[in-house]
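For the sequence shown, my numbering assigns the number -12 to the initial residue and increments by one for each residue that follows.
Quick notes on the structure that follows.
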Amino acid sequence: MMQQFLLDNFRRYQARGIEAHRRGDHKTARTSLLKAAELLFKLAAGSQGELKRIRQEKAYKLLEMAKSIAAKPSPTPLREERLAPQGEEADEGRGERWIVTDVPEVSFDDVAGLEDVKAVIRKRVIYPFQHPEVARKYRKQAGGGVLLYGPPGTGKTLIAKAVASEVDAAFLSARCSDVMSKWVGDAERNIKGLFDAARQRPRAVLFMDETEALVPKRGGDSTVMNRVIPEFLTQLDGIQGRHSGLLVLGATNRPWDIDEAALRPGRFGELVYVGLPDLPARRAIVAAALKGIPMAGEVDIDSLAADAAGLSGADLVGLCELAKDGPYEREIKTGVPQELELEDVQAARASLRPSVSAAQLARYEDFRRGLRAAR
Ligand SMILES: Nc1ncnc2c1ncn2[C@@H]1O[C@H](COP(=O)(O)OP(=O)(O)OP(=O)(O)O)[C@@H](O)[C@H]1O
Ligand SMILES: [Mg+2]
């Protein structure tokens, strides 16, 4: 989606910058690297945790490099104030801003592991949409409510985006902080508008990120929440009977903060845990992140993945980003093609701590046990 578009562009400008620098075309090198830095700041604004920090740091490094390349003052001064970090949504208009019309460029194949999550989604939307007669025969309804929960950076948002390109359905997405409004009435209208827009399509996936912000347990003393929660629950109740082609996909990393009423069957009836990647998933994430990067013979993706137990998917992407800084910076400095060395990987691994703690994992385990006991 937006992130992927930014990432592709960032990579293009970065490669162009390095190439121009090698040719001795300082002007192109500088403008390309500045553009790459700007795109990376935008990417950082849309990322979380360790990945966000790494992207910001790298963007600042790119800025430094771009400046150091221009030994002579440039005849056309560059407007560097444009490079300040900005929120991605800063200049987006209000209204239907949460509605994503273009299908994100992420597919199930880009999501490593998470086979049980993919299976639930196939059962709920892909099969019924692909084989409507069979679904009718067995009285299987498409859609409903599915809540993905788990620690940060494990691919919840990623898989939701992948759903959009896997199913032949409209994809609407909202972060709950976008829907919420300090103006009483607006938030309810936003929610209703979102569900109305989804219901206008024969098949739709409505993705609600940060679900805990929309239906929090302790919403009782706030007037806004006193109106928002019932509105949301009413809309959610409506999806099963009236409109069987709508999948409401929620995501949260604080499932215990969600009002229990929202987790009742018929609402978010299915809860799916999205946990830390296992070895094959870690391997796939690392392989994708280092795809196309020239590597010295001693760098071994299998052992890198094996040593990375406890890291989230986002941590792994961050680890690879850090490691790539080694050859990248050497190449900028020397102008000679470089390779990713074992030391680059080791240095990156040493400076990165897992973003999910054992205590946090234990809390998810408790929550899962509680669910099993309740059902
Ligand atoms: N299973 C995975 N397969 C491939 N990439 C992954 C996976 N998990 C995480 N990533 C990488 O980490 C990034 C962040 O993941 P994502 O935004 O989906 O996490 P999240 O679970 O939604 O986190 P949060 O709970 O903080 O919102 C992704 O864009 C992707 O690069
Ligand atoms: Mg997310």
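Backbone N, C-alpha and C define an ideal beta-carbon position, used for all residues, glycine too.
All figures in this text were calculated on a predicted structure; none of them were measured in a lab.
Give the DSSP-derived three-state secondary structure of residue i in the structure shown.
i	result
T63	Unreliable placement is indicated for T63, whose pLDDT of 35 sits below 50; the coordinate value is still reported in the next sentence. In this structure, T63 counts as coil in the three-state DSSP scheme.
I245	strand
E257	strand
Y315	helix
G398	Here the chain comprises residues numbered -12 to 362, so residue 398 is not present and cannot be evaluated.
Y125	coil
R214	helix
D302	helix
R10	helix
E37	helix
E92	coil
L358	helix
E197	coil
E343	It should be noted that the sequence gives Val, not Glu, for residue 343. Coil at V343, not helix or strand.
G225	helix
Q1	helix
A295	coil
With burial defined as no fewer than 16 other Cβ atoms inside 10 Å of the residue's Cβ, what is the status of residue i: buried or exposed?
i	result
D96	exposed
H118	exposed
V98	buried
T321	exposed
V273	buried
T221	exposed
Y315	buried
A360	exposed
R254	buried
Y125	exposed
F(-8)	exposed
D353	exposed
Q1	buried
Pull up the DSSP beta-bridge partners for residue i, would you.
i	result
V192	F158, L234
P203	I245
Y351	Answer is none; Y351 lacks a bridge partner.
M282	L327
T144	Its beta-bridge partners do not exist; DSSP assigns none.
Y136	T239, Y260
Assuming residue i and residue j are in contact, meaning their beta carbons sit under 8 Å apart, how far apart are those beta carbons, in whole angstroms?
i	j	result
E153	R214	With 8 Å as the limit, E153 and R214 do not qualify as a contact, their Cβ atoms being about 35 Å apart.
R270	A292	4 Å
R162	V133	So it is not a contact: roughly 17 Å between Cβ atoms.
E37	A301	6 Å
G100	P264	5 Å
D294	R336	7 Å
Suppose you measure from the CA of residue i to the CA of residue j; what does that come to, to the nearest Å?
i	j	result
L223	I41	38 Å
L201	A122	32 Å
E319	R3	Strictly speaking, residue 319 in this sequence is Ile, with Glu absent from that position. About 12 Å.
L234	R109	11 Å
N177	V166	6 Å
G232	K48	47 Å
K105	R190	18 Å
R356	T141	20 Å
K278	A7	22 Å
Q(-10)	G130	27 Å
L193	Y114	18 Å
L329	G225	55 Å
G313	D331	6 Å
L266	A276	15 Å
K311	K45	11 Å
Q347	P138	8 Å
A185	G237	15 Å
L26	D12	21 Å
K179	D244	23 Å
L145	D103	15 Å
I216	E120	36 Å
K29	K127	42 Å
D(-5)	K22	12 Å
C307	A147	23 Å
K39	S344	18 Å
M282	E326	5 Å
T198	L303	25 Å
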